[in-house]
Amino acid sequence: MVTREAGPRVLKPRRRPGAGTLGSGQRGRRDSRERAGTKTRSDRGRGAGAVAMGLEAARELDCAALGALLREPREAERTLLLDCRPFLAFCRRHAGGFDGFQACCPDLCSESPAPAMSSAGVENSRSDARAPSYDQGGPVEILPYLFLGSCSHSSDLQGLQACGITAVLNVSASCPNHFEGLFRYKSIPVEDNQMVEISAWFQEAISFIDSVKNSGGRVLVHCQAGISRSATICLAYLIQSRRVRLDEAFDFVKQRRGVISPNFSFMGQLLQFETQVLCH
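Here it is, written out as structure tokens:
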């Protein structure tokens, strides 16, 4: 059984392409887990008893075998889709990467998998007798100037002020900008589906976040639920600004907001973005 560190770790900039920077202790735990190739319990928020495929096992699959696994109705939500690291390992091992898998198994890349959350609803859920898990609490701090949350969080003026938010990056086509007279806003009007090329917005979003940072402000990045679209933008920002790999950025953000689950296509686009950033 692999145990995680009690507190969130610090994400440091990458010093050279291809090298990790998370610290020797964390690296040792991760390397030993990869070598073992054993199944581990899923993180909090993924459902009781859910398990994730070991990294070594994922590397040994070919596209057809991975496709067959993902077509299993129950296993699809309990293996690669809820823990990005095995799928990232698979994509890095195969020359075709995500595009190769999509060509082999297009039917598995046409619909967004259900996000990892409670039974309160999916990302587009708007109301319930009780607030769903992704709306509970407040926005989470990713970096001192970067916060991640949901549409509900973006409508909570007191919560925004308590976090010192000065700007809001709205990554949705439906969430309103509630306080345009009080905060600086930017909208990225995208839906959460496999057809969206969210990577086309990465540089614009990164520039906006950096401009808020340089002005001494703080920005909330949100979508409907703070699970897929806004998480994708935050991951892209970490990859470029900190020069880290996607799996490092994913672990870093997930320790702070456990419900994040970018859709399958967004993960593929983030992998491609990682390659572009770290190869230069």
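Numbering (numbering that gives the first Met the number 0), first residue to last: 0 to 279.
A virtual CB, placed ideally from N, CA and C, is assigned to each residue, including glycine.
From a predicted model like this one, the values you see are computed outputs, not experimental measurements.
Is the separation between the beta-carbon of residue i and that of residue j shorter than 8 Å?
i, j, result
"SER229", "HIS221", "yes"
"ILE141", "VAL252", "yes"
"SER154", "HIS177", "yes"
"SER173", "GLN223", "yes"
"SER151", "ASP191", "no"
"ALA235", "ILE205", "yes"
Taking residue i and residue j to be in contact with their CB atoms under 8 Å, please state how far apart those CB atoms are, rounded to whole angstroms.
i, j, result
"LEU269", "LEU237", "LEU269 to LEU237, Cβ: 10 Å. No contact."
"LEU145", "VAL218", "6 Å"
Using the C-alpha atoms, what's the distance from residue j back to residue i?
i, j, result
"GLU179", "GLY163", "16 Å"
"PHE249", "ASN169", "20 Å"
"VAL167", "CYS278", "31 Å"
"GLN271", "PHE201", "12 Å"
"GLY148", "GLN239", "21 Å"
"GLY267", "LYS212", "28 Å"
"ARG241", "PRO175", "31 Å"
"SER260", "GLU247", "15 Å"
"ALA199", "GLN135", "31 Å"
Please name the residue in the options whose C-alpha comes closest to that of residue i.
i, options, result
"SER171", "GLN157, ILE197, GLN160, LEU181", "ILE197"
"ASN262", "ARG241, ARG255, GLY225", "GLY225"
Could you name the residues of the same chain whose beta carbon sits closer than 6 Å to that of residue i, not counting the 5 residues immediately before and after it, in chain order?
i, result
"VAL195", "VAL189"
"LYS185", "LEU168, PHE207"
"THR165", "GLY216, ARG217"
"ILE232", "VAL170, ALA204, VAL220"
"SER264", "GLN193"
"ARG256", "VAL139, LEU147"
"SER183", "A small correction: the amino acid at residue 183 is Arg; Ser does not occupy that position in the sequence shown. So the list reads ALA166, once near-sequence residues are dropped."
Near residue i, which residues of its chain fall below 8 Å by C-beta distance, leaving aside the five closest residues on each side in sequence?
i, result
"GLU273", "ILE238, ARG244, LEU245"
"PRO143", "ARG217"
"GLY137", "GLY148, HIS152, ASP155, GLY158, ALA161, CYS162"
"LEU181", "LEU156"
Could one say the Cβ of residue i lies closer than 8 Å to chain B's Cβ atoms, at least one of them?
i, result
"GLN135", "Chain labels in this structure do not include chain B; a single protein chain is all it has."
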